Amino acid sequence: RTSYQNKSPIYWYTRKACLYRMLSKALRLQHYETLCHLRVFIRHLLQAFQAQHDKTKEVKMKLYRGFAMNKVELNRIRGHEGRLMMISNFLSTTTDQKLAVELANKSPYHKKRTRILMVVDIQKYTDIPLINIQTFSAS
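Heads up: the sequence shown begins at 2 in the working numbering, then just goes up one per residue.
#1: If methionine 32 sits next to proline 130, beta carbons under 8 Å apart, how far is it from one beta carbon to the other, in whole angstroms?
#2: Under the assumption that leucine 64 contacts isoleucine 123 (Cβ atoms under 8 Å), give the Cβ distance between them as a whole number of angstroms.
#3: Compare the C-alpha of lysine 113 against each of Lys17, Met119, Ala27 and Lys72 and name the closest.
#4: Helix, strand or coil for methionine 62, going by three-state DSSP, please let me know.
#5: Once you ignore the five residues that flank valine 25 on each side, which residues in its own chain have a CB closer than 8 Å to its CB?
#6: Quick one: measure Cβ to Cβ for alanine 101 and leucine 118, integer angstroms, because I've assumed they're closer than 8 Å.
#7: By how many angstroms is the C-alpha of alanine 69 removed from the C-alpha of threonine 95?
#8: So, for arginine 44: in the same chain, excluding its five sequence neighbours on each side, which residues have a beta-carbon less than 6 Å away from its beta-carbon?
#9: Using C-beta distances below 8 Å, list every residue in its chain close to lysine 125, excluding the 5 sequence neighbours before and after it, in chain order.
#10: Between the Cα of phenylalanine 50 and the Cα atoms of Ser9, Val121 and His111, which residue gives the shortest distance?
#11: Determine the burial state of leucine 47: buried for a count of at least 16 other Cβ atoms within 10 Å of its Cβ, exposed for fewer.
#12: Can you tell me which of His111, Ala52, Leu85 and Glu103 puts its alpha carbon nearest to the alpha carbon of isoleucine 132?
#13: Return yes when the Cβ of alanine 27 is within less than 8 Å of the Cβ of threonine 15, no when it is not.
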């Protein structure tokens with residue numbers, strides 16, 4: 002109790018602790034019990050994202066994400082390139098393509114996984130919160 006810091010939900014989400022991993026896993030696996038326990042935090046996090054998004058004036062952006070993906074899953078979505086894709090998670094991206102490639106290459110090698118560089122090309126304003134969290138981040 003004495004060490005609690007009243008910080009933005011974005012700060013707590015990006016802090017190197019179990020919250021990020023637990024929430025991401027629950028969203029990815031649709032683990033409703035965990036999501037229910039985290040519902041107040043998720044609501045506050047989304048409100049913080051939306052508040053920052055509402056201040057954003059950028060319309061055109063190119064974002065990158067480097068990561069590893071299961072080859073079976075990749076083959077399943079490969080035919081949907083250029084189409085709308087639903088992702089049940091918060092995506093951390095960067096505007097730095099080199100950094101995204103480095104992050105993808107840091108993914109440990111596994112014969113059932115492949116390294117991916119995802120490119121998200123934003124051409125117009127969207128209601129989906131897209132924000133630069135660098136000033137709010139714990140890292």
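We put the beta carbon where it would ideally sit given N, CA and C, even for glycine. As the structure is a prediction and not an experimental result, all values here were calculated from the model.
Reading from the atomic positions:
#1: For the purposes of this step, residue 32 is taken as the residue at position 31 of the sequence shown. For the purposes of this step, residue 130 is taken as the residue at position 129 of the sequence shown. At residue 32 the sequence reads histidine, which differs from the methionine that was named. Histidine 32 to proline 130, Cβ: 23 Å. No contact.
#2: Along the sequence shown, one-based indexing puts residue 64 at 63. Along the sequence shown, one-based indexing puts residue 123 at 122. Contact flag correct, Cβ pair sits at about 7 Å.
#3: The sequence position of residue 113 within the sequence shown is 112, counting from 1. Closest option to lysine 113, Cα to Cα, is Lys72.
#4: By one-based count along the sequence shown, residue 62 stands at place 61. Methionine 62 falls in the strand class under three-state DSSP.
#5: One-based indexing of the sequence shown puts residue 25 at position 24. The amino acid occupying residue 25 in the given sequence is serine; valine does not appear at that position. Residues of the same chain with a CB within less than 8 Å of the CB of serine 25, apart from the 5 flanking positions on each side, are Asn90 and Phe91 in chain order.
#6: Position 100 of the sequence shown holds residue 101. Position 117 of the sequence shown holds residue 118. That pair is a contact at about 6 Å.
#7: On the sequence shown, residue 95 is found 94 positions in, with the first residue counted as 1. On the sequence shown, residue 69 is found 68 positions in, with the first residue counted as 1. Answer to the nearest angstrom: the Cα atoms are 16 Å apart.
#8: Counting from 1 along the sequence shown, the entry for residue 44 is found at position 43. There are no such residues.
#9: If you number the sequence shown from 1, residue 125 lands on position 124. Counting only Cβ-Cβ distances below 8 Å, and skipping sequence neighbours, we find Val60 and Lys61.
#10: Within the sequence shown, the letter at position 49 stands for residue 50. If we check each option's Cα against that of phenylalanine 50, Ser9 comes out closest.
#11: Here residue 47 is taken as the residue at index 46 of the sequence shown, counted from 1. It counts as exposed.
#12: As a working note, residue 132 is residue 131 in the sequence shown. The shortest Cα separation from isoleucine 132 among His111, Ala52, Leu85 and Glu103 belongs to Ala52.
#13: Numbered from 1 along the sequence shown, position 14 holds the residue referred to as residue 15. Numbered from 1 along the sequence shown, position 26 holds the residue referred to as residue 27. Not a contact, by the Cβ cut-off of 8 Å.
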